[in-house]
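Taking it in order: structure first as structure tokens, then the write-up.
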Amino acid sequence: MGGAWAPADAFSPEVQEAARFAVQTFAVQNKARVLYKDVTQARQQVVAGLNFELQLQVTLDGTSRSVSATVWRQPDGSYRLRAWEWLD
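Heads up: the sequence shown begins at 1 in this note's numbering, then just goes up one per residue.
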């Protein structure tokens, strides 16, 4: 079991890297034209590695959309997209 969720700096390099990974992974897995725009909110949780819960602004086929994504940074530094949910 991990620690408590804590606010994270949306502009930190770790959060930005996790956000870009989430968007790129979703785009490849779903053959979708999704472009990263911004992190509007971020939280992190220490586990075996680090979980990031991100509220993102993206562009999907030219339309601005909001999404919630959860990314796990594993102990070896690699990332895994754990969840992706459209908010609008």
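Note that beta-carbon positions come from the ideal geometry of N, C-alpha and C, so glycine has one too.
DSSP places Pro75 outside both helix and strand once states are collapsed to three, so it counts as coil. For Phe52, the uninterrupted beta strand (DSSP E) run begins and ends at Gly49 to Leu60, by DSSP. Secondary structure note for Ala19: its alpha helix (DSSP H) is the uninterrupted segment Pro13 to Asn30. Taken through DSSP and simplified to helix, strand or coil, Ala6 comes out as strand.
Per DSSP, the beta-bridge partners of Thr63 are Leu60.
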